[in-house]
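The block underneath contains the structure these notes are about, expressed in structure tokens.
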Amino acid sequence: MKPVAAKDKHDSPRALLLGNTFMLLAAIFWGVNISVTKDLIPGWTSAPQLATVRILGGCILFWIASIFVKTQKIRREDWKRLILGGLVGIGGFLYLFILSLRYANPIDVSIIMTLPPAFVILIGVIFLRRRPSLMEYAGVAVSFAGAAIVILAGGSGHAGSDNLLGDLLAIASTICFAFYLVIIERPSHTYRPVTMLRWVFLFGAIPALFFIPSLPHMPVVAHPSLVPWLEIAFILLCPTFMAYFLTNPAMKLIGPEAVSLYQYLVPVFATISAVLMKLDQLHWLQVLAMAVIIAGMIITDKSRRRRLQMK
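Here the working numbering is used: the first residue of the sequence shown is 12, the next is one more, and so on.
Here it is, written out as structure tokens:
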């Protein structure tokens with residue numbers, strides 16, 4: 012008599028519940044973070060100052076966490092990737108992302124932040140000589156059409172001092188994050204999250220050191236108020252620190268494909284929080300752009316899976 016095969020952990024009701032709960036919380040953190048960041052700048056802090064606080068705070072939290080969990084030794088051939096990933100993917104991405112919210116409205120920025128998968132494909136084509144299918148190219152083109160809708164509609168009564176500049180900065184930040192995903196892909200399969208992220212944040216914190224002298228001059232320091240300090244604490248603990256720890260076990264519980272789908276909920280939670288905080292108003296063109304970008308990435312993802320299955 013053959014033994015009964017063990018039930019796949021991805022099919023376990025408890026695993027599905029936990030994994031989806033973890034990712035739902037992470038998506039909420041990332042979405043609300045966009046609105047909270049917009050609320051802080053420029054009234055309570057400048058974009059470089061908030062980026063410095065977030066990078067240095069994240070670095071400190073990950074190094075504290077490394078005291079309590081088992082870490083691994085970094086291989087010599089991986090140091091270049093961690094250094095470049097920290098400078099571009101943490102330093103460059105967070106600085107440009109926060110600066111984009113200085114000028115653009117939070118809903119537009121949240122929509123643009125769904126573009127990294129499209130840039131990952133283009134980076135693979137340009138630098139790694141990867142050959143996506145025609146349908147993958149079509150999906151990327153559809154996603155960029157959605158981003159074009161956001162940019163072209165940027166002046167239509169939305170909150171933001173310079174929406175076009177902010178949208179372009181948001182696109183630049185997504186390019187930085189896409190480079191980060193490509194650069195860190197190999198180490199991410201080798202090292203535990205805390206092992207890798209403590210070094211990535213440390214290298215990302217190097218440029219931030221130049222802004223430390225300006226931190227005592229933040230308006231939130233000169234005119235202390237409880238709400239902005241609570242918002243800064245939320246940014247440090249939830250989207251910067253906790254979301255990473257929620258994502259890693261979720262990938263094991265429900266699989267990376269299911270995890271990747273939750274990035275499309277980020278604009279939803281960003282929109283809800285921005286409207287509730289009276290930072291922005293939802294426009295029908297933003298809904299259209301969100302739908303177009305998501306449709307494009309669904310086409311790309313399905314085409315990629317089909318191509319990989321045929322190999």
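Every residue gets a Cβ at the ideal spot worked out from N, C-alpha and C, and that includes glycine. Treat the numbers as computed from the prediction; the structure is a model and nothing was measured.
* In this structure, does DSSP put glutamine 292 in helix, strand or coil? -> coil
* Are the Cβ atoms of threonine 206 and glutamine 83 separated by less than 9 Å? -> yes
* Sub-9 Å separation of isoleucine 94 and phenylalanine 212 beta-carbons -> no
* Counting Cβ pairs closer than 8 Å, one from the stretch 281 to 301 and one from the stretch 130 to 137, do we hit at least three? -> By the Cβ rule, the stretch 281 to 301 does not count as touching the stretch 130 to 137, because fewer than three pairs are nearer than 8 Å.
* How far does the alpha helix (DSSP H) with proline 143 in it reach, from first residue to last? -> Unbroken run through proline 143: none, as it is neither H nor E.
* Asked: When DSSP labels each residue in this structure, what does phenylalanine 228 get in the three-state scheme?
  -> First, the amino acid is wrong: residue 228 is histidine here, not phenylalanine. Of the three classes helix, strand and coil, the one that applies to histidine 228 here is helix, per DSSP.
* **Nearest-angstrom Cα separation, counted from valine 161 out to isoleucine 182** => 11 Å
* Asked: Exposed or buried, what is valine 238 when buried is set at 16 or more other beta-carbons lying within 10 Å of its beta-carbon?
  -> Exposed, by the Cβ-count rule.
* State the Cα-Cα distance for the pair glutamine 297 and isoleucine 122, rounded to the nearest angstrom. => 8 Å
* Taking Cβ positions, are valine 193 and leucine 139 nearer each other than 9 Å? -> yes
* Asked: Who are the near neighbours of glycine 96 in its chain, counting only those whose CB is closer than 7 Å to its CB and skipping five residues on each side?
  -> Tyr191, Ile194, Ile195, Val211
* To do: Can you give me the start and stop residues for the alpha helix (DSSP H) that leucine 276 sits inside?
  => Taken as a continuous stretch (DSSP letters only), leucine 276 belongs to no alpha helix (DSSP H), as it is neither H nor E.
* With a floor of 4 residues, list each alpha helix (DSSP H) that falls wholly inside the stretch 180 to 266, ordered by position along the chain. => 204 to 219, 230 to 233, 237 to 248, 254 to 265
* Asked: Are leucine 51 and isoleucine 223 touching if we call contact CB-CB under 9 Å?
  -> no
* Is alanine 281 closer than 9 Å to proline 117 when the C-beta atoms are compared? -> Result yes, Cβ atoms of proline 117 and alanine 281 sit closer than 9 Å.
* Asked: Should isoleucine 39 be labelled buried (16 or more other beta-carbon atoms within 10 Å of its own) or exposed?
  -> With 16 or more other Cβ atoms within 10 Å, it is buried.
* Cβ distance (whole Å) where valine 151 is taken to contact alanine 306 below 8 Å -> That belief does not hold up - the Cβ atoms of valine 151 and alanine 306 are roughly 12 Å apart, past 8 Å.
* **C-alpha distance - leucine 241 paired with cysteine 70, whole-angstrom precision** => 19 Å
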